[in-house]
Amino acid sequence: MYYDYPSIGVMNGEYYFAAAKNGGDQVEVWKTDGTAGGTVQAVDIDPDMGADPWSFKAFNGKIFFLTYTSFGQTYKKTSSLFSLDSQGNLESYPYTVSNSNYDQIQHFEIWNNHIYVYTPDNDALSQLDINTGSYTSIASLSVEFMQPTAEGLLIIRITQWCQ
Amino acid sequence: MIKKASLFIFIFLTVILNSFAQNRFSHPPISIGHHIKTGDKIIFHIQSSRGNNKLFVTDGTSAGTIELGTFNILR
C-alpha cells in the first residue's frame, strides 16, 4: 500500500527517492542533483535488509520520510519517521504505542508548520514536536488519507468497514 | 475423424497464438513511473518490460534529457 505515496521529494534543488543498485534488492534513500555524477546513495539506514523508504517531504530544511526497517531484527519490520539534512545527518522520531510490538506510523503530512502522523495501532492522529521528538495526540480516529489544503488538513476517516 | 482433429488443432493453435499475442503486445515495452516537476525540469522513472529501471531528468529537449542512473529497484 505504501508504494502509492509520492516517492520523490525535493529539498534545496536535490531530489530524494528510494532505490536499490549494484545487484542488490536493499532499497535505501538516494538523492540526485540532476546530474549522473551527483546521483548517489544519501544514507544507509538498514544495512541488513534495506530501509524501504517512502513518502519524501521537505520541511524545516530537512527531508522527512517513512521507512520500513528491521533494525537488525529479521522477524519484524516497523515503519518509522526519519529526517535527513543536506549534510547527510539522519534523525529518527520514534513513536511507541503501548502494548504494541510495532512502531507503525502509516501516514504523515505537513501542514501549518507542523508534522502530523497517523498510527493505526492506537488509531491516533498526533502532532510531532521536531525539537523534542515528542508526539501529542490530537484526535482518535482511523485515518485513510491526509492532504494539506488551503482551508486546512483534509482527512478522510474510516467510520465503518463494509462487507 | 481427420476433420475433427484438424478443427481441434486449429482451435488449439488459435487459443495459443491469441494468448501469446496478448501477452506480447498488451503491455507497453516501457512505462513511466513516478515523476516530479520542479522549475523547468522533470525527473522521472522509466521501467522497461525487462525490469530495467532508469532515472532521467529532462528539460523537454532531446539534448536536455539525461540518464541519471540504472537501478535494480526504483520506487
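Keeping their order, the protein sequence lines are chains C and L.
If you read the first sequence in this note's numbering, its first letter stands for residue 1, the second for the next number, and so on.
If you read the second sequence in this note's numbering, its first letter stands for residue 1, the second for the next number, and so on.
We put the CB at the ideal spot given by N, CA and C, even for glycine.
This structure is a prediction, so every number in the text was calculated from the model and none was measured.
Using a Cβ-Cβ cutoff of less than 6 Å, which residues in the same chain neighbour residue 36 of chain L once the five nearest sequence positions on both sides are dropped?
Correct list, in chain order: 43.
Is residue 36 of chain C helix, strand or coil by DSSP?
In this structure, residue 36 of chain C counts as coil in the three-state DSSP scheme.
Taking the beta carbon of residue 144 of chain C as the centre, do at least 16 other beta carbons fall within 10 Å, making it buried, or is it exposed?
It is exposed - the Cβ of residue 144 of chain C has fewer than 16 other Cβ atoms within 10 Å.
Is residue 52 of chain L close to chain C, meaning its C-beta is less than 8 Å from at least one C-beta of that chain?
Chain C contact via Cβ: absent.
Below 8 Å CB to CB, which residues in the same chain sit around residue 157 of chain C once its five sequence neighbours on both sides are set aside?
141, 142, 143, 144.
Quick one: what's residue 53 of chain L bridged to in DSSP?
The partner list for residue 53 of chain L (beta bridge, DSSP) reads L:47, L:71.
Whose Cβ in chain C lies nearer than 7 Å to the Cβ of residue 71 of chain L?
19, 20, 21, listed in chain order.
For a contact defined as C-beta to C-beta under 8 Å, what are the partners of residue 25 of chain C on chain L?
The contacting residues are 72, 73.
List the residues of chain C that residue 66 of chain L touches, going by C-beta distances under 8 Å, in chain order.
In chain order: 34, 35, 36.
What would DSSP say about residue 18 of chain C, mapped onto helix, strand or coil?
Reduced to three states, the DSSP call for residue 18 of chain C is strand.
Does the beta-carbon of residue 11 of chain L have 16 or more other beta-carbons within 10 angstroms, so that it is buried, or is it exposed?
By the 10 Å Cβ count, residue 11 of chain L comes out exposed.
Would residue 74 of chain L and residue 51 of chain C be called neighbours here (beta carbons separated by less than 8 Å)?
The answer is no: Cβ separation not under 8 Å.
Use the C-beta contact count for residue 47 of chain C: other C-beta atoms within 10 angstroms, 16 or more gives buried, fewer gives exposed.
Classification for residue 47 of chain C: exposed.
Sorted by chain position, which residues of the same chain lie with C-beta nearer than 8 Å to residue 90 of chain C's C-beta, five sequence neighbours on each side aside?
Excluding sequence neighbours, residue 90 of chain C sits near 43, 45, 82, 83, 84.
Below 9 Å on C-beta distance, what does residue 39 of chain C contact in chain L?
The contacting residues are 55, 68, 69.
Whole angstroms is fine: what's the gap from residue 106 of chain C's alpha carbon to residue 62 of chain C's?
C-alpha separation (whole angstroms): 20 Å.
DSSP puts residue 66 of chain C in a beta bridge; with which residues?
In the DSSP output, where bridge partners are listed per residue, residue 66 of chain C has C:54, C:81.
Roughly how many angstroms separate the alpha carbons of residue 109 of chain C and residue 128 of chain C, rounded to a whole number?
Approximately 10 Å, taken between the alpha carbons.
Using a C-beta to C-beta distance shorter than 8 Å, which residues of chain L count as neighbours of residue 111 of chain C?
Chain L residues near residue 111 of chain C: none, gap ~20 Å exceeds 8 Å.
At the level of alpha carbons, what is the spacing between residue 89 of chain L and residue 66 of chain L?
What is shown of chain L runs 1 to 75, which leaves residue 89 of chain L out entirely.
Using 8 Å for Cβ pairs, my map puts residue 164 of chain C next to residue 86 of chain C. What's the rounded Cβ distance?
Since the displayed chain C opens at 1 and closes at 163, residue 164 of chain C lies outside it and no answer follows.
Assuming residue 93 of chain C contacts residue 119 of chain C (C-beta within less than 8 Å), just tell me the rounded distance between them.
Not confirmed; about 12 Å, so no contact.
Based on DSSP bridge pairs, tell me the residues matched to residue 148 of chain C.
Answer is C:153.
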